[in-house]
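Just below is one structure, and these are the notes that go with it.
There are 2 protein chains.
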Amino acid sequence: MKREIPLDKANRLLNIGGVVLITAKSGERDNVTPVAWNVPVSKEPALVAVAIAPERFIYKLIEESREFGINLPTLKILREVYFCGKNSGRDVDKFERTKLTREKAKFISAPLIKECIANIECKVENIYPAGDHNLIIGKVLRAVVEAKLFEDYLNVSLEEAKTIHHLGGSLFTIPGEIIDVKNYIS
Amino acid sequence: MKREIPLDKANRLLNIGGVVLITAKSGERDNVTPVAWNVPVSKEPALVAVAIAPERFIYKLIEESREFGINLPTLKILREVYFCGKNSGRDVDKFERTKLTREKAKFISAPLIKECIANIECKVENIYPAGDHNLIIGKVLRAVVEAKLFEDYLNVSLEEAKTIHHLGGSLFTIPGEIIDVKNYIS
Chain A
1 MKREIPLDKA NRLLNIGGVV LITAKSGERD NVTPVAWNVP VSKEPALVAV AIAPERFIYK
61 LIEESREFGI NLPTLKILRE VYFCGKNSGR DVDKFERTKL TREKAKFISA PLIKECIANI
121 ECKVENIYPA GDHNLIIGKV LRAVVEAKLF EDYLNVSLEE AKTIHHLGGS LFTIPGEIID
181 VKNYIS
Chain B
1 MKREIPLDKA NRLLNIGGVV LITAKSGERD NVTPVAWNVP VSKEPALVAV AIAPERFIYK
61 LIEESREFGI NLPTLKILRE VYFCGKNSGR DVDKFERTKL TREKAKFISA PLIKECIANI
121 ECKVENIYPA GDHNLIIGKV LRAVVEAKLF EDYLNVSLEE AKTIHHLGGS LFTIPGEIID
181 VKNYIS
């Protein structure tokens, strides 16, 4: 069961640097794409940034609709995430091919992804040029997370909360143990 | 022994979302500060972004000098990283207090940190407002990494390459196993 968390805690879903699945919809077309280059940028207001190349299909959908979803996948759907990164929404319906389930959002038209452990709804606040990508700044409108996985922070020691972190190519890593620096002796 | 890597591979040091130590120097004063909110944003040109609150001392040094270093710490210096985040360079010399070692950079005046497994030298390309932080876009001038830890990607399965990922408060996680999606059966 997912529950809402305060907007100024949404950064704790992205803080550790996992790949996210970005969803967007414009008119009748929607799409889902993995983005490793995501980062929180402000706590109050709650803002996040995602770097997306302007030639990508998801970029067009976000530019047209001015809103997008951020969905936090885990190891359980690694193959689906990889498929979404290797294929373009111009050619295939990635939801249909991966069997990922669209879930209705509250404030945006883009679908959210049921199989992800957290979902963030954003509207576009700004778009900044940044080399071969553009930085899309999203204002967080709503954030939900699986209740048992988040208690002020994401409990990545649980099997269901293994976020996926992109090393390069087909290689990924997942979080290991949790360390409290206050108890840590090097 | 650290070796240079191609600039368009520098993103692979930040890709997985570890905390970095930002270094900067203006006039006679230098400083070092952990930043969890860092992200690559472009491959060619190689650009990275770091979100830093304008009231922080490191921000002032970067704004004045228009350059900064990105240093990748590991679990081995977690306590030092935490100390640097809990104290301001306005009050203490963090290098002196933590015993972290300044290393001379090639292209920038800011020191690099010897105990970090990778170092990136940047000049400021742009600064964009983003809520309670500003997004500093850095152009990568040079990137070095411990030779045995990086072979096209950061080998986080090695003990010496355990980057630190901030969950919130005093809690961190480190990378566990490496997974090749091509061999992965969920």
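So the sequence lines, in the order shown, correspond to chains A and B. Number 104 in the working numbering belongs to position 104 of the first sequence; there are no gaps in the numbering. Number 136 in the working numbering belongs to position 136 of the second sequence; there are no gaps in the numbering. The beta-carbon is built from N, C-alpha and C at its ideal position, and this holds for glycine as well.
Which two residues bound the contiguous beta strand (DSSP E) that contains residue i?
i	result
residue 181(B)	Note, residue 181(B): premise wrong, no beta strand (DSSP E); not H, not E.
residue 4(A)	2-4
residue 25(B)	20-26
residue 52(B)	47-52
residue 34(A)	29-35
residue 42(A)	38-42
For residue i, does the three-state DSSP call read helix, strand or coil?
i	result
residue 128(B)	strand
residue 161(B)	helix
residue 150(B)	strand
residue 11(A)	helix
residue 63(B)	helix
residue 108(B)	coil
residue 117(A)	coil
residue 136(A)	strand
residue 58(B)	helix
Which whole-angstrom value describes the C-beta separation of residue i and residue j, a residue pair presumed to lie in contact below a C-beta threshold of 8 Å?
i	j	result
residue 160(B)	residue 117(B)	7 Å
residue 16(B)	residue 129(B)	With 8 Å as the limit, residue 16(B) and residue 129(B) do not qualify as a contact, their Cβ atoms being about 27 Å apart.
residue 49(B)	residue 136(B)	7 Å
residue 134(A)	residue 54(A)	5 Å
residue 121(B)	residue 69(B)	6 Å
residue 23(B)	residue 110(B)	5 Å
residue 2(A)	residue 67(A)	Incorrect: roughly 19 Å between the Cβ atoms, too far for contact.
residue 178(B)	residue 173(A)	5 Å
residue 98(A)	residue 84(A)	7 Å
residue 165(B)	residue 41(B)	Between residue 41(B) and residue 165(B) the Cβ distance is about 19 Å, and since that is not below 8 Å, they are no contact.
residue 61(A)	residue 29(A)	7 Å
If I follow the unbroken alpha helix (DSSP H) through residue i, where does it start and stop?
i	result
residue 78(B)	78-86
residue 97(B)	94-98
Would you please verify whether the beta carbon of residue i is less than 8 Å from any beta carbon of chain E?
i	result
residue 178(B)	Here chain E cannot be found, since the structure's protein chains are A and B.
Chain B partners of residue i, CB-CB under 7 Å?
i	result
residue 182(A)	170
Taking C-beta pairs closer than 8 Å, name the residues in chain B that residue i reaches, listed in chain order.
i	result
residue 118(A)	Under the 8 Å cutoff, chain B gives no residues; its nearest Cβ is about 14 Å from residue 118(A).
residue 201(A)	Residue 201(A) is absent from the model: chain A starts at 1 and stops at 186.
Is it the case that the CB of residue i approaches a heavy atom of the ligand MG more closely than 7 Å?
i	result
residue 134(B)	Among the components of this structure there are no ligands whatsoever, and the ligand MG is therefore not found.
Note down, in chain order, every chain A residue with its Cβ under 8 Å from the Cβ of residue i.
i	result
residue 10(B)	Within 8 Å Cβ-Cβ: nothing; residue 10(B) doesn't reach chain A, min ~12 Å.
residue 51(B)	39, 40, 41, 42 and 49
residue 59(B)	Within 8 Å Cβ-Cβ: nothing; residue 59(B) doesn't reach chain A, min ~14 Å.
Who are the neighbours of residue i on chain A, taking C-beta pairs under 7 Å?
i	result
residue 154(B)	167
Checklist entry - Of all the residues that make up the segment 33-47 of chain B, which are near chain A by a beta-carbon distance shorter than 9 Å? => result The residues in question are 36, 37, 38, 39, 40, 41, 42, 43, 44, 45, 46 and 47.
Checklist entry - Between the segment 120-139 of chain A and chain B, which residues of the former have CB atoms less than 7 Å from a CB of the latter, in chain order? => result The segment 120-139 of chain A vs chain B, Cβ under 7 Å: 128, 130, 131, 132, 133, 135 and 137.
Checklist entry - Of all the residues that make up the segment 65-80 of chain B, which are near chain A by a beta-carbon distance shorter than 8 Å? => result The segment 65-80 of chain B vs chain A, Cβ under 8 Å: 75, 76, 77, 78 and 79.
Checklist entry - Between the segment 94-112 of chain B and chain A, which residues of the former have a C-beta closer than 8 Å to a C-beta of the latter? => result Correct list: empty, as no residue qualifies.
Checklist entry - Which residues, in order along the segment 15-26 of chain B, keep a beta-carbon less than 8 Å from a beta-carbon of chain A? => result When C-beta distances to chain A are compared with 8 Å, the residues of the segment 15-26 of chain B below that value are 15, 16, 17 and 18, in chain order.
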